[in-house]
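Student: Numbering (numbering that gives the first Met the number 0), first residue to last: 0 to 195.
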Amino acid sequence: MQEPEISFNGPQWFCITVGPNSHRQVENALAVIGYRVFLPKLKRWVSHARVKKAVERPLLGRYMFVEVNYPRQSFAPLTATRGVDAIISSAGIPWPMPRAEVEDLLHRQMAGEFDEVARGPIPVGARVAIVEGQFENWLATVTARGRGGKLSLKLVGKSVTFDQVSPHEVRPALGFGSDRTNRERGPTSGMPAGVL
Numbered sequence: 000m001q002e003p004e005i006s007f008n009g010p011q012w013f014c015i016t017v018g019p020n021s022h023r024q025v026e027n028a029l030a031v032i033g034y035r036v037f038l039p040k041l042k043r044w045v046s047h048a049r050v051k052k053a054v055e056r057p058l059l060g061r062y063m064f065v066e067v068n069y070p071r072q073s074f075a076p077l078t079a080t081r082g083v084d085a086i087i088s089s090a091g092i093p094w095p096m097p098r099a100e101v102e103d104l105l106h107r108q109m110a111g112e113f114d115e116v117a118r119g120p121i122p123v124g125a126r127v128a129i130v131e132g133q134f135e136n137w138l139a140t141v142t143a144r145g146r147g148g149k150l151s152l153k154l155v156g157k158s159v160t161f162d163q164v165s166p167h168e169v170r171p172a173l174g175f176g177s178d179r180t181n182r183e184r185g186p187t188s189g190m191p192a193g194v195l
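(1) Please report the distance separating the alpha-carbon of Arg98 from that of His167.
(2) Given a threshold of 16 other Cβ atoms within 10 Å of its Cβ, counted over all protein chains shown, does Gly189 qualify as buried or as exposed?
(3) Which same chain residues end up closer than 6 Å to Val101 when comparing Cβ atoms and leaving out the 5 residues on each side of it in sequence?
(4) Could you spell out the range, first to last residue, of the alpha helix (DSSP H) harbouring Gln108?
(5) I'd like to know if the region 120–127 and the region 18–38 are in contact, where contact means that at least 3 CB-CB pairs between them fall below 8 Å.
(6) If I measure Cβ to Cβ from Lys153 and keep anything under 8 Å in the same chain, skipping five residues before and after, which residues do I get?
(7) On the CB-based measure, 16 or more other CB atoms within 10 Å of its CB, does Pro19 come out buried or exposed?
(8) Determine which residues share a DSSP beta bridge with Gln163 and list them.
(9) How far does the beta strand (DSSP E) with Thr142 in it reach, from first residue to last?
(10) Do Pro171 and Ala53 count as a contact pair if the criterion is CB distance below 7 Å?
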């Protein structure tokens, strides 16, 4: 691919479109080859089969941002990356996005503005990971909310329930592992911290 004539130098943000459900693949592939990538995400609760899970979804659909330091970095690897459909351009020339607006969006995401999960209480039916106590690193489902925000939990895959759990002892089970069960678990003492 021949590089288009471009009249700017230095790092600029560009917008790319990606194929359906290929955001993570594109994000990882571009990061590996040295591009700074920003995928604005919305975090929210979704319900399926009476279980609520915290999930991250792209905020802008199939759009994401890539910082290109032209001429040090080329545009060719972007379009050659599996999952990238196009670079937003005008007359074949990639169109830089206003840096201040992209950086503002990045700061707003980092501040949690698009995190609906963190802003409210953990709902009944939510899949959570226990972060303190005897069942640390186990998954549970919230079965009820009591006075003072205390939670009742049922361990996933077990017939064990317990009450009066403080909300700071659990966190939303997000991403990989939220579908996992506790069936094959033994004592938690031998488990590495942070495994979920």
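The beta-carbon is built from N, C-alpha and C at its ideal position, and this holds for glycine as well.
Tutor: According to the data block:
(1) 37 Å
(2) Its pLDDT being 39, under 50, Gly189 is placed unreliably in this model, and the value from its coordinates should be taken loosely. By the 10 Å Cβ count, Gly189 comes out exposed.
(3) Trp12 and Phe64
(4) Run containing Gln108: Arg98 to Met109, per the alpha helix (DSSP H) assignment.
(5) no
(6) Ala139, Thr140, Thr142, Val159 and Thr160
(7) For Pro19, the number of other beta carbons within 10 angstroms of its own is below 16, and it is reported as exposed.
(8) Answer by DSSP bridge pairing: none, since Gln163 is not bridged.
(9) Leu138 to Arg144
(10) yes
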